[in-house]
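Taken in sequence, the protein lines are chains W and A. Note that this note's numbering gives residue 475 to position 475 of the first sequence, counting from 1, and the numbers run on in steps of one. Note that this note's numbering gives residue 15 to position 15 of the second sequence, counting from 1, and the numbers run on in steps of one.
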Amino acid sequence: MRTSFNGSRSDPRAIAYARATIDLASRDVRIEDVPCRNLEDVLGGFGRSFQILAERTITHAFTPDNPLIVNTGVLTASNVMTGLRTYFSAYSPLKVSNKGLPAAIWSAGSCKFGPKLKWTGLDEVILEGRADVPVYLVIRHGEQGPRIAFEPAGDLLGLTCHEKIMWLRDRYADAHFAAIGPAGEHYEDCYMASVALSTENQLRSGDDKCRWAGRGGMGAIMGYKRVLAIVAQAPDRIAKLKPEIRDINKVASTGPGSRKFREKEKGGLGGTWSNYEPLEKFHFVPQNNFRPTGDGKPELMFRDHVQPQFVVKAESCFRCGINCHKNVYEKNADGTRGAFLAKFDYEPVNLLSTNIGIHDPRKAATLISLVDRLGMDNISLGTTISYVMDYNERHPDAPILNGARFGDFDKARELIEGAANGQFPEVGRGVKRLSEQLGETGYAMHCKGLEFPAYQPDTNPGYPWAIAGGHMSMATYMALALEGNTSLDYWATLITERGLYFVRDDLLGLCKFAGVTGDHAVEGLKHEIGFEVTPAELQAAVRRAFVRALWLERKQGYDRSDYTLPSEVFDRPNPNLGVPPFVTREFFSQLSDRVWAVFDREIDEIAKT
Amino acid sequence: MPRIRLTNLFAERIGGVNAVDVPATTVESALRALTDRHPSLTPLVWAKDGALNPVMVMFLNDRQLAAAEIGTPVGPGDEIDLVPAIEGGCS
Chain W
1 MRTSFNGSRS DPRAIAYARA TIDLASRDVR IEDVPCRNLE DVLGGFGRSF QILAERTITH
61 AFTPDNPLIV NTGVLTASNV MTGLRTYFSA YSPLKVSNKG LPAAIWSAGS CKFGPKLKWT
121 GLDEVILEGR ADVPVYLVIR HGEQGPRIAF EPAGDLLGLT CHEKIMWLRD RYADAHFAAI
181 GPAGEHYEDC YMASVALSTE NQLRSGDDKC RWAGRGGMGA IMGYKRVLAI VAQAPDRIAK
241 LKPEIRDINK VASTGPGSRK FREKEKGGLG GTWSNYEPLE KFHFVPQNNF RPTGDGKPEL
301 MFRDHVQPQF VVKAESCFRC GINCHKNVYE KNADGTRGAF LAKFDYEPVN LLSTNIGIHD
361 PRKAATLISL VDRLGMDNIS LGTTISYVMD YNERHPDAPI LNGARFGDFD KARELIEGAA
421 NGQFPEVGRG VKRLSEQLGE TGYAMHCKGL EFPAYQPDTN PGYPWAIAGG HMSMATYMAL
481 ALEGNTSLDY WATLITERGL YFVRDDLLGL CKFAGVTGDH AVEGLKHEIG FEVTPAELQA
541 AVRRAFVRAL WLERKQGYDR SDYTLPSEVF DRPNPNLGVP PFVTREFFSQ LSDRVWAVFD
601 REIDEIAKT
Chain A
1 MPRIRLTNLF AERIGGVNAV DVPATTVESA LRALTDRHPS LTPLVWAKDG ALNPVMVMFL
61 NDRQLAAAEI GTPVGPGDEI DLVPAIEGGC S
């Protein structure tokens, strides 16, 4: 970013960001400094990309006019700890309105690709059109500015995400990589393909330890564009650490905001995996397609139960002190660490084990690793597989696909492989389409085409207002367990006043796990780029970005019929949940009225701008 | 006075304040003083039966406390963290 403050240090128009627009068909590249129009442009991430997407009229995700925007946040590559985010934004093949139009979405991933991209001299890359043959892009830092080259990608075809990254690692020094897997190459049949981002640990160890921009099928868009990988090659340009930023980082790495994700011996709670225990107290851990049975089997995946069988090592992204990666390794006979198996986070573990009736950590690790290698979003895939199994349980005489039922590991693996290689497009295109084809939508666990993460919809009537995944863009998914409040006032306030600010870090370039405070975010902007903004102004910008996303949904045909929950949440209450059912049709209807009374007005205001 | 450090879950309800100094001699009295001063935090800190919210975890100077240790004495300079045991996401 380039700043030219003339007096006021809080004028967004005094800041310009560096953008490369790459026409994949003609191979024309335009690099320019783009003046910021508003605070969302300065902050970056989806705050900026959604303004670009709003200028387009897109009726199908797989069209040359649908851009893939790869950008960073203002604090990506800064000295603020966890400033590592890369964002991929486009109209999604997976998230679609009932009218069939694709919705704008972003997906974020951490580690060093984002900083490397920024160190090439770019804040944003827009991929326009479609290449005529498979390519990978090399973005380099040059003396005269960023340089971009197209390279033939024939050698990469068919390789897993990790194999692509290793192939590129051996050819490009001091670089990081974004790559799709076989699923992205089969984009027509796999809308839930993800983008893998390389990590320092992966490049050094050779272990398959990518980070992921998973949600919404951004890997499918990359595959459609025939871009199999992006190389960001530049020397590290780490500025001297200022004392103010050191203080912020100290709080981020040792303060309360990151305790959940740190190891117990470092004053933490052990990562998202440890959600199992508190959620199981209420039988809120999804089982058998989000239908907890109360049989206690989720306990078999508790970390305390799993850990003795393996070596669990806490590792981290570049320069991050939180060590949130809970990497599971084989345990050798002498107790030492063996081969790397998989990274255990709550959502993939649950959706690829407990929620499909598998209660074996080794099998869970195998499936997680397989999904990662093939390059798919394990949330969308796990939730679609649990639907297939549920359908087959309900129709034992007329099962679909390979007849998979809950607990069938081998058939789950077949479905995963088949989703990635195009054999099972019914799975790869997500649960919304599959359930509509089958005429049984009542237990298809999604909102607006995006599958639920591992939190019960019976406990979260806020899901429909999440704009980019239920546990990353609306902080209501754990509210019932935290507070037990089932009043209409509480939920309307939570959704419209607090839950939406969860997306702040999806503009800034930070990881939510750092729990950076509002004051520290503002301090970070001041000391890293010299930009002065108040906490209230920052919050207002985040709110505008969120409401703009709702407006964009409306532009793509979303109406009240899209903002609902699977009908069985209303019609088939689960007696095994540890709280009385409260998300009735009447409750939800009243909640919708209350929520839209707030958002409708703001959407109208945004639409005018 | 001991200091209670708060995550954003709490701070967003009290104007963005992430740390509160309270006069107290035990962890419990510190938390009572916190919710007396900021009643909007009560449902996060306390269960309906008046006990600590079972989904919250206490730390005193980096040491995790069990719920039964809520009576642990505190003094000036002590730091109490209250952390929700449920948070999701992928890095």
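Where is the CB? At the ideal position from N, CA and C, for every residue including glycine. From a predicted model like this one, the values you see are computed outputs, not experimental measurements.
Q.
So if I threshold CB-CB distances at 8 Å, which residues from the stretch 77-88 of chain A count as touching chain W?
A. D81, L82, V83, P84, A85, I86, E87, G88
Q. Since A:L44 meets chain W, which of its residues come closer than 8 Å, beta carbon to beta carbon?
A. Position 44 of the second sequence, counted from the start, is the residue given in the question as residue 44 of chain A. Near A:L44 (Cβ distances below 8 Å), the residues of chain W are L482, E483.
Q. Taking the runs of the alpha helix (DSSP H) that are 4 residues or longer, which of them lie wholly in the stretch 372-404 of chain W?
A. 378-394
**Q.** Min CB distance W:R498 to chain A below 8 Å
**A.** Translated into the one-based positions of the first sequence, residue 498 of chain W becomes position 498. With 8 Å as the cut-off, W:R498 counts as an interface residue toward chain A.
Q.
Give me the chain W residues within the contact set of A:D21, using Cβ-Cβ distance strictly less than 8 Å, ordered along the chain.
A. Working through the second sequence from its first residue, we reach residue 21 of chain A at position 21. None at all; the shortest Cβ gap to chain W is about 15 Å.
Q) Closest Cβ-Cβ distance between A:L33 and chain W: below 8 Å? A) Walking along the second sequence from the start, residue 33 of chain A turns up at place 33. Here the sequence assigns Ala to residue 33 of chain A, which means Leu is not the residue at that position. No, its Cβ sits nowhere closer than 8 Å to a Cβ of chain W.
Q | alpha helix (DSSP H) runs contained entirely in the stretch 40-102 of chain W, provided each spans 4 or more residues | A | 45-54
Q) Name the residues in the stretch 497-517 of chain W whose C-beta lies less than 7 Å from a C-beta of chain A; which are they? A) R498, Y501, C511, K512, F513, G515, T517
Q. Looking only at C-alpha atoms, which of W:L494, W:T336, W:A342 sits nearest to W:H325?
A. Counting from one through the first sequence, the residue named residue 325 of chain W turns up at place 325. It is W:A342 whose Cα lies nearest to the Cα of W:H325.
Q) If you pair each beta-carbon of the stretch 513-523 of chain W with each one of the stretch 242-257 of chain W, do three or more pairs fall below 8 Å? A) yes
Q.
Going by beta-carbon coordinates alone, are W:I416 and W:W465 separated by less than 8 Å?
A. Walking along the first sequence from the start, residue 416 of chain W turns up at place 416. Walking along the first sequence from the start, residue 465 of chain W turns up at place 465. For W:I416 and W:W465, no; Cβs fall outside 8 Å.
Q: Note down the Cα distance separating W:R594 from W:T584, rounded to an integer number of angstroms.
A: Within the first sequence, the letter at position 594 stands for residue 594 of chain W. Within the first sequence, the letter at position 584 stands for residue 584 of chain W. Whole-angstrom Cα-Cα distance: 15 Å.
Q: From the DSSP output, in three-state form, read off W:A178 for me.
A: Against the first sequence, residue 178 of chain W aligns to sequence position 178. Note: W:A178 maps to strand in three-state DSSP.
Q.
Starting from A:N8, trace the beta strand (DSSP E) in both directions and tell me its first and last residue.
A. As a working mapping, residue 8 of chain A is identified with position 8 in the second sequence. Taken as a continuous stretch (DSSP letters only), A:N8 belongs to no beta strand (DSSP E), being part of the alpha helix (DSSP H) at 8-11.
Q.
Within 8 Å of any Cβ in chain A, is that where the Cβ of W:L269 sits?
A. One-based indexing of the first sequence puts residue 269 of chain W at position 269. So, interface residue.
Q: Starting from the Cα of W:L68, find the closest Cα among W:A77, W:T76, W:L75, W:I58 and give me that residue.
A: Translated into positions along the first sequence, residue 68 of chain W becomes position 68. When only C-alpha atoms are compared, the closest one is W:I58.
**Q.** Counted within 10 angstroms of its Cβ, other Cβ atoms place W:D236 as buried (16 or more) or exposed
**A.** Within the first sequence, numbered from 1, the residue matching residue 236 of chain W stands at position 236. Exposed, since its Cβ has fewer than 16 Cβ neighbours within 10 Å.
Q. Roughly how many whole angstroms lie between the Cα atoms of W:G407 and A:V55?
A. As a first step, residue 407 of chain W must be located in the first sequence, where it is residue number 407. As a first step, residue 55 of chain A must be located in the second sequence, where it is residue number 55. W:G407 and A:V55: Cα-Cα distance of roughly 30 Å.
Q. What is the DSSP secondary structure of W:P461, reduced to helix, strand or coil?
A. For the purposes of this step, residue 461 of chain W is identified with residue 461 of the first sequence, where counting begins at 1. DSSP places W:P461 in coil when its eight states are reduced to three.
Q. What are the start and end residues of the alpha helix (DSSP H) that includes W:V152?
A. Position 152 of the first sequence holds residue 152 of chain W. For clarity, residue 152 of chain W is Pro in the given sequence; the question names Val instead. Counting along the chain, W:P152 falls outside any alpha helix (DSSP H), though it belongs to the beta strand (DSSP E) covering 147-152.
Q) Around the C-beta of W:H305, are 16 or more other C-beta atoms found within 10 angstroms, so that it is buried, or is it exposed? A) Here the question's residue 305 of chain W lines up with position 305 in the first sequence. W:H305 is exposed by the Cβ-count criterion.
**Q.** W:L228 versus W:D377: straight-line alpha-carbon distance, rounded
**A.** Walking along the first sequence from the start, residue 228 of chain W turns up at place 228. Walking along the first sequence from the start, residue 377 of chain W turns up at place 377. Each residue's Cα considered, the two are about 17 Å apart.
Q: Please decide whether W:D247 counts as near chain A, where near means a Cβ-Cβ distance under 8 Å.
A: As a first step, residue 247 of chain W is located in the first sequence; it is residue number 247 there, counting from the start. No - not a single Cβ of chain A is within 8 Å of the one on W:D247.
**Q.** Any C-beta of chain W under 8 Å from that of A:S12
**A.** Within the second sequence, residue 12 of chain A is the residue found at index 12, counting from 1. First, the residue type needs correcting, since residue 12 of chain A is Glu and not Ser in the sequence shown. Yes - at least one Cβ of chain W is within 8 Å of the one on A:E12.
**Q.** Start-end ranges of the alpha helix (DSSP H) lying completely within the stretch 219-284 of chain W, minimum 4 residues
**A.** 243-254, 276-281
Q | Buried versus exposed call for W:D189 [16 or more other C-beta atoms within 10 Å across all chains shown] | A | As a working note, residue 189 of chain W is residue 189 in the first sequence. Answer is buried; the Cβ neighbour count reaches 16.
Q.
Relative to the C-alpha of W:T383, which candidate in W:G449, W:S369, W:F318 has its C-alpha closest?
A. Taking the first residue of the first sequence as 1, we reach residue 383 of chain W at position 383. Out of W:G449, W:S369, W:F318, W:G449 has the C-alpha closest to the C-alpha of W:T383.
(Q) Suppose you measure from the CA of W:E143 to the CA of W:G321; what does that come to, to the nearest Å? (A) Within the first sequence, residue 143 of chain W is the residue found at index 143, counting from 1. Within the first sequence, residue 321 of chain W is the residue found at index 321, counting from 1. When rounded, the distance between both Cα atoms is 33 Å.
Q. Within the 8 Å Cβ cut-off, does A:T7 reach chain W?
A. Here residue 7 of chain A corresponds to residue number 7 of the second sequence, with the count starting at 1. Yes, because at least one Cβ of chain W sits closer than 8 Å to the Cβ of A:T7.
Q) Does DSSP put W:M472 in a helix, a strand or coil? A) Position 472 of the first sequence, counted from the start, is the residue given in the question as residue 472 of chain W. Reduced to three states, the DSSP call for W:M472 is coil.
Q: For A:V57, decide whether its Cβ has a neighbour in chain W, counting only Cβ atoms nearer than 8 Å.
A: Here residue 57 of chain A corresponds to residue number 57 of the second sequence, with the count starting at 1. Chain W, which has a Cβ nearer than 8 Å to the Cβ of A:V57, makes this yes.
Q: Report all residues from its chain with a CB closer than 6 Å to the CB of W:P45; omit the five preceding and five following residues, and keep chain order.
A: If you number the first sequence from 1, residue 45 of chain W lands on position 45. It is worth fixing the name first, because residue 45 of chain W is Gly in this sequence and not Pro. Cβ within range, chain order: G73, Y87, D506, L507.
Q | Entirely enclosed alpha helix (DSSP H) segments - the stretch 14-74 of chain A, minimum 4 residues | A | 27-37, 42-45
Q. Hey, out of W:L488, W:E568, W:H471, W:K526, whose CA is closest to W:F502's CA?
A. Working through the first sequence from its first residue, we reach residue 502 of chain W at position 502. Looking at the Cα atoms, W:H471 is the closest of the given residues.
Q: Tell me, to the nearest whole angstrom, how far the beta carbon of W:N66 is from that of W:I221; I am working on the premise that it is less than 8 Å.
A: Within the first sequence, residue 66 of chain W is the residue found at index 66, counting from 1. Within the first sequence, residue 221 of chain W is the residue found at index 221, counting from 1. W:N66 to W:I221, Cβ: 7 Å. Contact.
Q.
If distances are taken between C-alpha atoms only, which option among W:L591, W:K240, W:E532 comes closest to W:L565?
A. Taking the first residue of the first sequence as 1, we reach residue 565 of chain W at position 565. W:L565 has its Cα closest to that of W:L591, out of W:L591, W:K240, W:E532.
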